[in-house]
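Q:
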Amino acid sequence: MKRLFTICLVLLLCASAYGTPVGRSNTASSIADVQTDTTALIQLAADQLAQINNAGNAFYVDSSATGSGTGTSWTNATITIDLGIGKCAADNGDVLLVAPGHAETFTTADAADADKAGLIILGLGVGENRPTLTYTANGELVIGADDFEIHGFNFIAGNAVVHAIDVEAGFENFVINNCRFWTTTVGTDEFIDCIDIAAGCDNGRITNNRVEMGAASAVSFVTNVGADYTEIADNTIDGDFSTACIVDVTTASIWLNIHDNLLVNGT
């Protein structure tokens, strides 16, 4: 049952992109209604999830929150993702909900360390109102535990950044879904590799993402350094990468499943 609610929660994010056509005069209000309704439904699903026996807890992140910072409600949300992760328990099925409009700057390696196994981080909002993480040169989001998922974020390179997401060696079963990776218009502001997958990070899934990188520093969208059973699917990848959109560093990787991506590499 817990898994069913988790799956419904994720599908709800994708489902919000579809609906009955509306006239142009009603478009702005309709988008606002969809965003409000989607956030409310996700909140309801998270509340129901928390009531299931042995189910995980829901915690909250909002950079504009001014409450106690316990992470137990929107009013008392933590103001950073890393603080929110710290509230979660490993292998408990916890869900971290990040508010629409949340804004955070990553300035250090391990600026956010997803080191709790079984954690799902959901970014709420639509388009540019989704949670936005802006990186300086040393910023990095690290996946440091098994069975981790992240959905619905904007990742922005504000400098020449080594990685947006670093999957550390040996941690398996990760999902990176429905995110956007892009850059400012300043010179060398690029993610050199948007996602770096270390050896032993098997059974990863990178799906439904949008990538826009220039020619200044970008090497690849995904660099796989020896992980097996990786699926990279349904992504739109547009850049001028010095190596390729997707790079498999070693021929030792097996059962790579790369399909249904739109790949554009060049000016």
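Residue 74 in this note's numbering sits at position 94 of the sequence shown, with consecutive numbering throughout.
Glycine included, C-beta positions come from ideal geometry on N, C-alpha and C.
Does the Cβ of residue -15 have 16 or more other Cβ atoms within 10 Å, making it buried, or fewer, making it exposed?
A: Because the pLDDT at residue -15 is just 47, under 50, the model does not fix this residue reliably, and the value given afterwards should be weighed accordingly. It counts as buried.
Q: For residue 84, is the classification buried or exposed, using 16 other Cβ atoms within 10 angstroms of its Cβ as the cut-off for buried?
A: Under this definition residue 84 is a buried residue.
Q: Are the segment 125 to 140 and the segment 153 to 168 in contact at 8 Å, needing three or more beta carbon pairs?
A: Judged by Cβ distances under 8 Å, the segment 125 to 140 makes contact with the segment 153 to 168, as three or more pairs qualify.
Q: Along the beta strand (DSSP E) that carries residue 66, what are the first and last residues, could you check?
A: First-last for residue 66: 61 to 67, but that is the alpha helix (DSSP H), not the beta strand (DSSP E).
Q: If I'm right that residue 152 touches residue 185 with Cβ under 8 Å, what's the distance once you round it to whole angstroms?
A: That pair is no contact at about 11 Å.
Q: Hey, quick one: how far does the beta strand (DSSP E) through residue 75 stretch, first residue to last?
A: Residue 75 -> beta strand (DSSP E) spans 75 to 78.
Q: In this structure, how does DSSP classify residue 103 when only helix, strand and coil are distinguished?
A: If DSSP states are grouped into helix, strand and coil, residue 103 belongs with the strands.
Q: For residue 116 and residue 240, I'd like the C-alpha separation in whole angstroms.
A: Between residue 116 and residue 240, the C-alpha separation is close to 32 Å.
Q: Following the continuous beta strand (DSSP E) through residue 40, name the residue where it begins and the one where it ends.
A: Run containing residue 40: 38 to 41, per the beta strand (DSSP E) assignment.
Q: With burial defined as no fewer than 16 other Cβ atoms inside 10 Å of the residue's Cβ, what is the status of residue 173: buried or exposed?
A: Buried is the call here.
Q: Please state whether DSSP places residue 204 in a helix, a strand or coil.
A: Reduced to three states, the DSSP call for residue 204 is strand.
Q: Specify the secondary structure class of residue 108 as computed by DSSP and reduced to three states.
A: Here residue 108 sits in helix by DSSP.
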